[in-house]
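Quick note: the sequence shown uses UniProt numbering, first residue 1, plus one each step.
Glycine included, C-beta positions come from ideal geometry on N, C-alpha and C.
Accompanying notes for the structure given below.
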Amino acid sequence: MSKNGSSPRLADGDHLAALGYEDSFDRSMTLWSNFALGFTYLSPLVGVYSLFALAMSTAGPPSIFWMIIVGAGQMLVALIFGEVVSQYPIHGGIYPWTRRLWGRRYAWMAAWVYIWAMIVTITAIAEFGSGFLASLFDLTVTKELTLALSVVFLVLALGLNFTGTKTLARVARIGLAAELIGVIAVGVYLLIFQRKQEFGVFFNSMGVEGDGSYLGAFLGAALAGLFLFYGFEACGDVAEEVEDPARRIPTAMIMTILVGGVSALLAFGGYVLAAPDLADIVSGNDTDPIPLILQASLGDVGAKLFLVVALTAFLSCVLSLQAAASRLLFSFARDGMLPGHSWLAKVSERSKVPTNALIVACTIPLLLCVIIYIGPDGLLNQITAFAVLGIYVAFQSVVLASLRQRIKGWHPAGPFNLGKAGFAVNVAALVYGVFAMILLAWPGHTGVLLNDWIVLIGLAIVAGVGLLYLFITNPDSKSGAPTGDAIEIAALLRSHNAAAGAAAQK
Numbered sequence: 001m002s003k004n005g006s007s008p009r010l011a012d013g014d015h016l017a018a019l020g021y022e023d024s025f026d027r028s029m030t031l032w033s034n035f036a037l038g039f040t041y042l043s044p045l046v047g048v049y050s051l052f053a054l055a056m057s058t059a060g061p062p063s064i065f066w067m068i069i070v071g072a073g074q075m076l077v078a079l080i081f082g083e084v085v086s087q088y089p090i091h092g093g094i095y096p097w098t099r100r101l102w103g104r105r106y107a108w109m110a111a112w113v114y115i116w117a118m119i120v121t122i123t124a125i126a127e128f129g130s131g132f133l134a135s136l137f138d139l140t141v142t143k144e145l146t147l148a149l150s151v152v153f154l155v156l157a158l159g160l161n162f163t164g165t166k167t168l169a170r171v172a173r174i175g176l177a178a179e180l181i182g183v184i185a186v187g188v189y190l191l192i193f194q195r196k197q198e199f200g201v202f203f204n205s206m207g208v209e210g211d212g213s214y215l216g217a218f219l220g221a222a223l224a225g226l227f228l229f230y231g232f233e234a235c236g237d238v239a240e241e242v243e244d245p246a247r248r249i250p251t252a253m254i255m256t257i258l259v260g261g262v263s264a265l266l267a268f269g270g271y272v273l274a275a276p277d278l279a280d281i282v283s284g285n286d287t288d289p290i291p292l293i294l295q296a297s298l299g300d301v302g303a304k305l306f307l308v309v310a311l312t313a314f315l316s317c318v319l320s321l322q323a324a325a326s327r328l329l330f331s332f333a334r335d336g337m338l339p340g341h342s343w344l345a346k347v348s349e350r351s352k353v354p355t356n357a358l359i360v361a362c363t364i365p366l367l368l369c370v371i372i373y374i375g376p377d378g379l380l381n382q383i384t385a386f387a388v389l390g391i392y393v394a395f396q397s398v399v400l401a402s403l404r405q406r407i408k409g410w411h412p413a414g415p416f417n418l419g420k421a422g423f424a425v426n427v428a429a430l431v432y433g434v435f436a437m438i439l440l441a442w443p444g445h446t447g448v449l450l451n452d453w454i455v456l457i458g459l460a461i462v463a464g465v466g467l468l469y470l471f472i473t474n475p476d477s478k479s480g481a482p483t484g485d486a487i488e489i490a491a492l493l494r495s496h497n498a499a500a501g502a503a504a505q506k
């Protein structure tokens, strides 16, 4: 792996100009701010809290090993993303990457699926966060209260995003601190001072498999890891607001996976070992065990303080998601690929952020919150079921496009590259991704058609609508932005960098 730290190369603005774009954003994000953005999007606190009970009741304590399996697989994906963003440090991440690696229609569909998955995820995080806010003030959770508090999360995040990149970076760092306190500090405290179970429990299924095979139960708990390890791609969504993005964004992505994985392991492991009645959790009788574990371990005051920390993490997560979604919309619109693209692609003169794209990234989740409010119980789970699969499909669209270019002779030209190992890592990332998507799409066993197939149904609806729009209106034909030029751009960058090196020696 190479980072070419000492090689002379193009300045950020010149690199962007070589890719066909003007440098119009405020590059005020440092490595740590970029890492904080990805980490708060990944949000191990939110992920572990959301899926702890499901994982434990499905596969018992050994379900923790999915975090290691998925973390390793997503690290392969992050390495490929690192190579791509190092050559193409452009706003929007997955959309411009797939466009430059493959083509317009391929990129349009990848971005269409990804943007809807992100918007649904924003909605879900705001809805889940409303429960924490209600608990902090001992309010009875109703559908009306959930709607009101979800709106508070979304509008507050929008207001903060409007103020500019520096505020986004600052809040992301605060969210990072909250995550580290709420996940690592609490996890370590539970492991050391509140342990009620032996470490051997992680190798004990506690009978969850019943009369069947444990392998089936273990595979059923894969969501414990698959839901957690994404968000690192957000580091690349804001590439044009990062200093030295070709080097720093790949590093931030890798840090997000590593620190997020360790944090999640500590939190999950701490909850398991501190649980006073593990059998009750594994049996499924206790469907929301973490509040009781925290109250028993930290007391009433400690549990309230944890809620404050958790709320900070939820707000930062919504903020990061909104920012990432708006940059994707901006990138999509800048290339003329969406209706109203001129309006969506506007950047505020004062704050240097795409305010109109931010409004859309807030308004659609608000509308989804209203639909959830007026809809039947369980609608939130049904409309969010496809989100994780949609994001993995979008991820693998980049991995597949990258492998296709390698076969055609592409050698990534960014300062971060894997060298000769790149092809093997690319193939391994694709194999892992296909395995992950199969697990996510596998139907349930409730006997209810909608419930069992909801993930594929949701993805089919989003993809079907996207394909209809694509082939009826041909939005890709209205864009003259570069496409499928990975090999040519790599040669151009090497030429520019060689010239910069020669000039530096004079």
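> Which runs of the alpha helix (DSSP H) spanning at least 4 residues fall entirely within the region 99-157, listed in chain order?
Replying inline: As for any alpha helix (DSSP H) of minimum length 4 sitting wholly inside the region 99-157, the runs are 104-136, ordered along the chain.
> Does DSSP classify Leu417 as helix, strand or coil?
Replying inline: What sits at residue 417 in the sequence shown is Asn, not Leu. Under the three-state reduction of DSSP, Asn417 is assigned to strand.
> Which residues mark the beginning and the end of the alpha helix (DSSP H) in which Ala217 is found?
Replying inline: Element bounds for Ala217: Tyr214 to Gly220.
> Taking DSSP as the reference, what is the three-state secondary structure of Val309?
Replying inline: Taken through DSSP and simplified to helix, strand or coil, Val309 comes out as helix.
>> Which of the three DSSP states is assigned to Val242 in this structure?
In response: Three-state result, Val242: strand.
> For the candidate residues Arg248, Leu328, Phe423 and Leu456, whose alpha-carbon lies nearest to that of Ile80?
Replying inline: Comparing C-alpha distances from Ile80 to each of Arg248, Leu328, Phe423 and Leu456 shows the shortest one belongs to Phe423.
>> I'd like the ranges of any alpha helix (DSSP H) spanning at least 4 consecutive residues and lying wholly in the region 327-396.
In response: Runs of alpha helix (DSSP H) with 4 or more residues, each lying fully within the region 327-396, are found at 341-344 and 355-374, listed in chain order.
> Starting from Tyr49 and walking both ways along the alpha helix (DSSP H), at which residues does that stretch end?
Replying inline: Boundaries of the alpha helix (DSSP H) around Tyr49: Pro44 to Ala59.
> Going along the chain, which residues of its own chain have a beta-carbon closer than 6 Å to the beta-carbon of Leu456, five neighbours each way excluded?
Replying inline: Excluding its 5 nearest sequence neighbours in each direction, Leu456 has C-beta neighbours in its own chain below 6 Å: Ala441, listed in chain order.
> Taking just the CA atoms, how far does Leu149 sit from Thr363?
Replying inline: Between Thr363 and Leu149, the C-alpha separation is close to 15 Å.
> Helix, strand or coil: which one does DSSP assign to Met29?
Replying inline: Assigned with DSSP and collapsed to three states, Met29 falls in strand.
>> Given a cut-off of 7 Å on the beta-carbon distance, is the pair Ser402 and Asn417 in contact?
In response: For the 7 Å CB-CB criterion, Ser402 and Asn417 do not form a contact.
>> Among the candidates Ala421, Phe395 and Pro291, whose CA atom is the shortest distance from the CA of Met118?
In response: Closest option to Met118, Cα to Cα, is Phe395.
> Given residue 585, which residues of its chain have a CB within under 7 Å of its CB, disregarding the five upstream and five downstream residues?
Replying inline: The chain is shown from 1 up to 506; residue 585 falls before or after that span and cannot be answered.
>> Suppose you measure from the CA of Thr123 to the CA of Cys369; what does that come to, to the nearest Å?
In response: Cα to Cα, the separation comes out at about 7 Å.
>> Using CA atoms only, rank isn't needed, just tell me which of Leu219, Gly414 and Leu344 is closest to Ser326.
In response: Nearest of Leu219, Gly414 and Leu344 to Ser326, Cα basis: Leu344.
> Just checking my contact of Ser479 with Gly375 at CB under 8 Å: how many whole Å lie between their CB atoms?
Replying inline: Not a contact, Cβ separation roughly 36 Å.
>> Going by DSSP in three states, Ser283 sits in which element: helix, strand or coil?
In response: Judged by DSSP in its simplified three-state form, Ser283 adopts coil rather than helix or strand.
> The alpha helix (DSSP H) with Lys166 in it runs from where to where?
Replying inline: Thr165 to Glu179 is the span of the alpha helix (DSSP H), which, as asked, contains Lys166.
> Does the region 65-85 come close enough to the region 427-435 that 3 or more CB-CB pairs lie under 8 Å?
Replying inline: Because the criterion of three Cβ pairs below 8 Å is met, the region 427-435 and the region 65-85 touch.
> Taking the alpha carbon of Leu219 as the point to measure from, which residue in Leu467, Phe65, Gly466 and Arg9 has its own alpha carbon closest?
Replying inline: When only C-alpha atoms are compared, the closest one is Phe65.
> What do you get for Arg99, buried or exposed, if any count of 16 or more other CB atoms within 10 angstroms of its CB means buried?
Replying inline: Counting Cβ neighbours within 10 Å, Arg99 comes out buried, since at least 16 surround it.
> Quick one: Cα of Gly164 to Cα of Ile174, how far?
Replying inline: Separation of Gly164 and Ile174 (C-alpha to C-alpha, rounded to the nearest whole angstrom) is 16 Å.
>> Taking the alpha-carbon of Val171 as reference, which of Gly38, Val84 and Asp237 has the nearest alpha-carbon?
In response: For Val171, the nearest C-alpha among the options comes from Gly38.
> Since Asp237 contacts Leu328 with CB under 8 Å, what's their CB separation in whole angstroms?
Replying inline: 6 Å between Cβ atoms; contact.
>> With three or more beta-carbon pairs closer than 8 Å as the criterion, would you say the region 42-60 touches the region 285-293?
In response: Contact between the region 42-60 and the region 285-293 is present: 3 or more CB-CB pairs across the two stretches fall below 8 Å.
> alpha helix (DSSP H) containing Phe435: first to last residue?
Replying inline: Here the alpha helix (DSSP H) through Phe435 covers Gly422 to Ala441.
> When you compare each of Asp280, Ser135, Tyr88 and Ser28 to Ala490 by their alpha carbons, which one comes out closest?
Replying inline: Selected option, being the one with the closest Cα: Tyr88.
> What is the rounded straight-line gap between the Cα of Leu228 and the Cα of Met67?
Replying inline: Each residue's Cα considered, the two are about 8 Å apart.
>> Whole angstroms are fine: how far does the CA of Ser397 sit from the CA of Ala107?
In response: Ala107 and Ser397 have their C-alpha atoms roughly 8 Å apart.
> Just the Cα atoms here: how many angstroms apart are Val484 and Gly103?
Replying inline: In the sequence under discussion, the amino acid at residue 484 is Gly, which differs from the Val named in the question. In a straight line, the C-alpha of Gly484 is about 5 Å away from that of Gly103.
> How is the alpha helix (DSSP H) around Tyr469 delimited, first residue to last?
Replying inline: Start and end: Leu449 to Thr473.
>> Tell me which residue opens and which closes the alpha helix (DSSP H) that Asp277 is part of.
In response: Boundaries for Asp277: no alpha helix (DSSP H) harbours it, and the DSSP string shows neither H nor E there.
> Which of helix, strand or coil does DSSP assign to residue 570?
Replying inline: This structure does not reach residue 570, given that the chain is present from 1 up to 506, and the question cannot be answered.
> So, is Asn356 buried or exposed, given that buried needs 16 or more other C-beta atoms within 10 angstroms?
Replying inline: That one is buried.
>> Check whether the region 306-319 and the region 123-133 touch, using three or more Cβ-Cβ pairs below 8 Å as the test.
In response: These segments touch.
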